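Read through the structure below, which is laid out as structure tokens, and then see the notes.
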Ligand SMILES: Nc1ncnc2c1ncn2[C@@H]1O[C@H](COP(=O)(O)OP(=O)(O)OP(=O)(O)O)[C@@H](O)[C@H]1O
Ligand SMILES: [Mg+2]
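In this note's numbering, the protein residues as written are 1063 to 1361.
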């Protein structure tokens, strides 16, 4: 491993994020080359956390744009503050003023409500980390608009003209692949696919995030999680579920996993009615036996 990558890996670990060399390399390069990082992977594998960790490593602000179906430029970039504009008109009055003067009065920077993209571009105290979360939920049109912004970090507001980035932000985009991201955006970014963690990595994540956990329990939980993911489930549990489950087991003062403990706390791991039914029908014992032997868990 290159020393730069090892240093990034260590820095991420200091912030509580366990990263294998591929993740550390992507983060190092995104940082060194100031290129957007596109992170794809299943739910709960640690995509969003990469942006949070990066902002802590760089000791800078995290600006988050949460995408959803129907998100538009107004929500992402800017809106005019109508109340302030109206108030200004009322106080100053319009009588005897040229239309251009009135326009300048109300279409000024201080009447602008900055939304995440504009805030990321205009931030004065050094570059922030801009997290564009769940880009797959936005539509193609919004993606095209984003591509434009990410290409030159300049936006044009018709009434004000172009605004260029004071500092080019560090950008992390995440996607759960509910919609395919276009090639143009992919080409613009570094690409990182995050898998569900293998056993040893998950044990380390549990220890890093829930330091009070006893070693044996962490290992048992991680191996049962591997067994869960070996099943054909509608919603495979991610690391988020692993950590929830660990904390729940500890709150219940259960320090080893038996069939009863798993059944009672299944709601921490499985979030789909069919998955719960299927697993209970097959028997939790079979799952535990599969996990302990380390072999294939599928019945
Ligand atoms: N490698 C890791 N090291 C430490 N903690 C991790 C790691 N991966 C995931 N986590 C933890 O797991 C939880 C879920 O991570 P995160 O929210 O980043 O997942 P996600 O991939 O963005 O999920 P979703 O697709 O549901 O948004 C967080 O609490 C995060 O801290
Ligand atoms: Mg996320």
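Every residue gets a Cβ at the ideal spot worked out from N, C-alpha and C, and that includes glycine. Since we're looking at a predicted model, the values are computed, not measured.
- Message: For residue 1071 and residue 1124, I'd like the C-alpha separation in whole angstroms.
- Response: Position 9 of the chain shown holds residue 1071. Position 62 of the chain shown holds residue 1124. If you take the alpha carbons of residue 1071 and residue 1124, they lie about 20 Å apart.
- Query: Among 1138, 1121, 1157, 1172, which has the Cα closest to the Cα of residue 1146?
  - Reply: As a position in the chain shown, residue 1146 is number 84, starting the count at 1. Of the listed residues, the one whose Cα sits closest to residue 1146 is 1172.
- Out of curiosity, what's the CA-to-CA distance linking residue 1134 and residue 1228? Numbered from its first residue, the chain shown carries residue 1134 at position 72. Numbered from its first residue, the chain shown carries residue 1228 at position 166. So the alpha carbons of these two residues sit roughly 24 Å apart.
- In its own chain, which residues sit with a C-beta less than 7 Å from the C-beta of residue 1114, not counting the 5 before and 5 after it? If you number the chain shown from 1, residue 1114 lands on position 52. Taken in chain order, the residues that qualify are 1124.
- Query: When you compare each of 1349, 1263, 1254 to residue 1088 by their alpha carbons, which one comes out closest?
  - Reply: Numbered from its first residue, the chain shown carries residue 1088 at position 26. For residue 1088, the nearest C-alpha among the options comes from 1254.
- Message: Do residue 1192 and residue 1140 count as a contact pair if the criterion is CB distance below 7 Å?
- Response: Locating residue 1140 in the chain shown gives position 78, where the first residue counts as 1. Locating residue 1192 in the chain shown gives position 130, where the first residue counts as 1. No, they are not a contact pair.
- Message: So, at 6 Å on beta carbons, what are the nonlocal neighbours of residue 1291 in its own chain, with the 5 sequence-adjacent residues on each side left out?
- Response: Here residue 1291 is taken as the residue at index 229 of the chain shown, counted from 1. Cβ neighbours of residue 1291 beyond the five flanking positions: 1258, 1298.
- Task: May I have the straight-line CA-CA distance separating residue 1117 from residue 1285, to the nearest angstrom?
- Result: The residue you call residue 1117 lines up with position 55 of the chain shown. The residue you call residue 1285 lines up with position 223 of the chain shown. Residue 1117 and residue 1285: Cα-Cα distance of roughly 31 Å.
- Query: In whole angstroms, what separates the C-alpha of residue 1308 from that of residue 1174?
  - Reply: On the chain shown, residue 1308 is found 246 positions in, with the first residue counted as 1. On the chain shown, residue 1174 is found 112 positions in, with the first residue counted as 1. Distance between the alpha carbons of residue 1308 and residue 1174 is about 46 Å.
- From residue 1103 to residue 1296, what does the alpha carbon distance come to, in whole angstroms? Along the chain shown, one-based indexing puts residue 1103 at 41. Along the chain shown, one-based indexing puts residue 1296 at 234. Take the alpha-carbon of residue 1103 and the one of residue 1296: they are about 15 Å apart.
- Does DSSP put residue 1087 in a helix, in a strand, or in coil? Along the chain shown, read from residue 1 onward, the residue named residue 1087 stands at position 25. It is helical.
- Are the region 1239–1247 and the region 1268–1288 in contact at 8 Å, needing three or more beta carbon pairs? No: the two stretches stay apart, fewer than three of their Cβ pairs being nearer than 8 Å.
- Query: Is the closest heavy atom of ligand 1 to the C-beta of residue 1301 under 6 Å?
  - Reply: For the purposes of this step, residue 1301 is taken as the residue at position 239 of the chain shown. Between ligand 1 and the CB of residue 1301, the shortest heavy atom gap is smaller than 6 Å.
- Task: Specify, as a first and last residue, the run of the beta strand (DSSP E) that residue 1264 falls within.
- Result: Position 202 of the chain shown holds residue 1264. Membership of residue 1264 in any beta strand (DSSP E) is not indicated; the residue belongs instead to the alpha helix (DSSP H) covering 1261–1271.
- Figure out for me which residue from 1164, 1264, 1109 has the closest Cα to the Cα of residue 1019. The shown model of the chain, from 1063 to 1361, leaves out residue 1019, and the question about it has no answer.
- Message: Given this structure, state the Cα-to-Cα distance separating residue 1321 from residue 1342, to the nearest angstrom.
- Response: Within the chain shown, numbered from 1, the residue matching residue 1321 stands at position 259. Within the chain shown, numbered from 1, the residue matching residue 1342 stands at position 280. Their Cα atoms are separated by approximately 10 Å.
- Task: Could you check the C-alpha separation between residue 1064 and residue 1090 for me, to the nearest Å?
- Result: Working through the chain shown from its first residue, we reach residue 1064 at position 2. Working through the chain shown from its first residue, we reach residue 1090 at position 28. Going from the Cα of residue 1064 to the Cα of residue 1090 covers about 11 Å.
- Message: Using a Cβ-Cβ cutoff of less than 7 Å, which residues in the same chain neighbour residue 1310 once the five nearest sequence positions on both sides are dropped?
- Response: Translated into positions along the chain shown, residue 1310 becomes position 248. If we look at residue 1310 and ignore the five residues flanking it on each side, its Cβ neighbours are 1327, 1330.
- Task: State the DSSP-derived secondary structure class of residue 1170, mapped to helix, strand or coil.
- Result: Here residue 1170 refers to the residue found at position 108 when the chain shown is read from its first residue. Under the three-state reduction of DSSP output, residue 1170 falls in the coil class, being neither helix nor strand.
- Item | Cβ separation of residue 1324 and residue 1305, assumed to be a contact under 8 Å, to the nearest whole Å | Taking the first residue of the chain shown as 1, we reach residue 1324 at position 262. Taking the first residue of the chain shown as 1, we reach residue 1305 at position 243. 16 Å between Cβ atoms; not a contact.
- Bridge partners - residue 1235, DSSP secondary structure assignment: Against the chain shown, residue 1235 aligns to sequence position 173. For residue 1235, which the question treats as bridged, DSSP gives the partners 1100, 1194.
- Simplified DSSP assignment, three categories, for residue 1130: In the chain shown, the residue the question calls residue 1130 occupies position 68. DSSP places residue 1130 in coil when its eight states are reduced to three.
- Query: Within the present structure, is the beta-carbon of residue 1105 separated from the nearest heavy atom of ligand 1 by less than 6 Å?
  - Reply: Here residue 1105 is taken as the residue at index 43 of the chain shown, counted from 1. Checking the Cβ of residue 1105 against ligand 1 gives yes.
- Message: Just to confirm before moving on: does the CB-CB distance between residue 1207 and residue 1183 stay below 7 Å?
- Response: Counted from its first residue, the chain shown places residue 1207 at position 145. Counted from its first residue, the chain shown places residue 1183 at position 121. No, the pair does not count as a contact, with Cβ atoms beyond the cut-off.
- Item | Lining residues of ligand 2 - beta-carbon closer than 7 Å to any non-hydrogen atom, in sequence order | In chain order, the qualifying residues are 1109, 1110, 1195, 1196, 1236.
- Query: In terms of DSSP beta bridges, what is residue 1217 paired with?
  - Reply: In the chain shown, counting from the first residue as 1, residue 1217 sits at position 155. Paired residues: 1225.
- What does DSSP give as the partner residues of residue 1307 in its beta bridges? Here residue 1307 corresponds to residue number 245 of the chain shown, with the count starting at 1. Partner(s): none; residue 1307 has no beta bridge.
- Pick from 1353, 1293, 1319: whose alpha carbon is nearest that of residue 1339? To locate residue 1339, count along the chain shown from 1; it is residue 277. It is 1293 whose Cα lies nearest to the Cα of residue 1339.
- Query: What three-state label does DSSP hand residue 1256 in the structure shown?
  - Reply: By one-based count along the chain shown, residue 1256 stands at place 194. Residue state, collapsed to three classes: strand.
- Query: Sorted by chain position, which residues of the same chain lie with C-beta nearer than 6 Å to residue 1269's C-beta, five sequence neighbours on each side aside?
  - Reply: One-based indexing of the chain shown puts residue 1269 at position 207. So the list reads 1280, once near-sequence residues are dropped.
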